[in-house]
Amino acid sequence: MMADHSVGFWGGRVPREVVSMAKQLKDLDKQLFRQILKVVVNALEEKECSVSMADIAEDNSLPEEKLSDIVSGMYELLKEALRLPSSSVRQESFEEDLRELRISEEFIADFSRIIFGNGRPALDASVTQHGPRLPKLEQFRWRVDVAISTSSLSRALQPTVLMQLKLSDGNLHQFEVSMSKFQDLRYNVALILKEMNDLEKLSVLKIQDYHVN
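The letter at position 164 of the sequence shown is residue 164 when you use UniProt numbering, and the numbering goes up by one with no holes.
Structure, rendered in structure tokens:
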């Protein structure tokens with residue numbers, strides 16, 4: 001059954017929303033397909049699209065559940081495709097993955113045009129600009145402090161590291177750690193960076209292996 005397909009482009013099992021969409025596209029009019037697809041692209045670009053979707057629902061005898069499945073699937077498909085650099089996925093492989101879902105050639109061509117066409121850079125920029133963001137580190141200050149006199153004898157002459165982080169949202173975070181904890185922090189950061197690098201290499205190898213096969 002289609003739900004059991006495991007397609008290479010997704011890196012695993014096909015998202016449920018995309019499987020449902022593929023089933024609903026079988027008898028969909030080409031013009032209506034393009035209208036819906038345009039609205040979904042507008043949604044990815046954070047443009048106002050509620051009126052357009054309401055017009056589509058009103059002008060076409062399309063059940064609400066079917067329209068919902070199509071929109072959700074299109075959004076998930078394009079979001080996953082845009083998550084990867086266009087250079088890391090061949091157009092032929094992308095289209096073949098959609099054929100595995102039994103999507104018509106006309107619809108595949110429209111999806112492919114969005115992902116690999118001339119408008120891709122502008123879409124990437126819009127998605128990046130409007131995507132969720134976390135505050136960035138703007139400034140990092142630190143110093144080693146040695147307590148000469150303290151109420152706790154165990155802390156006398158024990159060096160500590162004072163750190164201050166300034167984030168792009170204006171927040172300041174200041175904290176103090178012992179030298180041993182600071183060394184643990186250094187080790188864990190280095191370990192995380194190494195694991196991230198290993199995962200990045202593994203992902204590249206998987207993509208290359210998939211293209212060769």
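For glycine and all other residues, C-beta sits at the position ideal for the given N, C-alpha and C.
Option in the options with minimal Cα separation from residue i
i	options	result
Glu138	Glu46, Ala125, Asn171, Phe116	Asn171
Ile115	Asp29, Ala81, Trp142, Lys136	Ala81
Phe182	Lys201, Leu199, Asp145	Asp145
Leu28	Leu62, Ser20, Ser72, Val14	Leu62
Arg83	Glu100, Glu92, Pro121	Pro121
Lys23	Ser112, Gly73, Ser180	Gly73
Lys85	Leu191, Met196, Ala125	It is Pro, not Lys, that sits at residue 85 in the sequence shown. Looking at the Cα atoms, Ala125 is the closest of the given residues.
Ser104	Ile36, Lys30, Asp198	Lys30
Thr160	His173, Met179, Phe175	Met179
Ile36	Glu46, Met53, Met196	Met53
Asp169	Gly117, Cys49, Lys136, Ser88	Lys136
Val19	Glu92, Ser88, Arg99	Arg99
Lys47	Ser88, Val127, Asp198, Gln158	Val127
DSSP bridge partner residues for residue i (one or two, in chain order)
i	result
Lys166	Gln139, Leu172
Ser52	According to DSSP, Ser52 bridges with nothing at all.
Pro85	According to DSSP, which records beta bridges pairwise, Pro85 is partnered with nothing at all.
Pro159	Val146
Ser178	Thr160
Residue j beta carbon less than 8 Å from that of residue i
i	j	result
Glu17	Glu76	yes
Leu44	Ala57	no
Val71	Val41	no
Leu165	Phe140	yes
Ile60	Leu78	The amino acid at residue 60 is misidentified as Ile; the sequence shows Asn. The answer is no: Cβ separation not under 8 Å.
Alpha helix (DSSP H) segment containing residue i, residue limits
i	result
Val18	16-24
Lys30	30-44
Beta-carbon separation (whole angstroms), residue i vs residue j, contact threshold 8 Å
i	j	result
Leu25	Phe94	That pair is no contact at about 16 Å.
Ser186	Leu162	Per the sequence shown, the amino acid found at residue 186 is Arg instead of Ser. At roughly 16 Å, the Cβ-Cβ gap does not stay under 8 Å, so Arg186 and Leu162 are not in contact.
Asp97	Met21	The Cβ separation is near 14 Å, so there is no contact.
Val14	Leu101	7 Å
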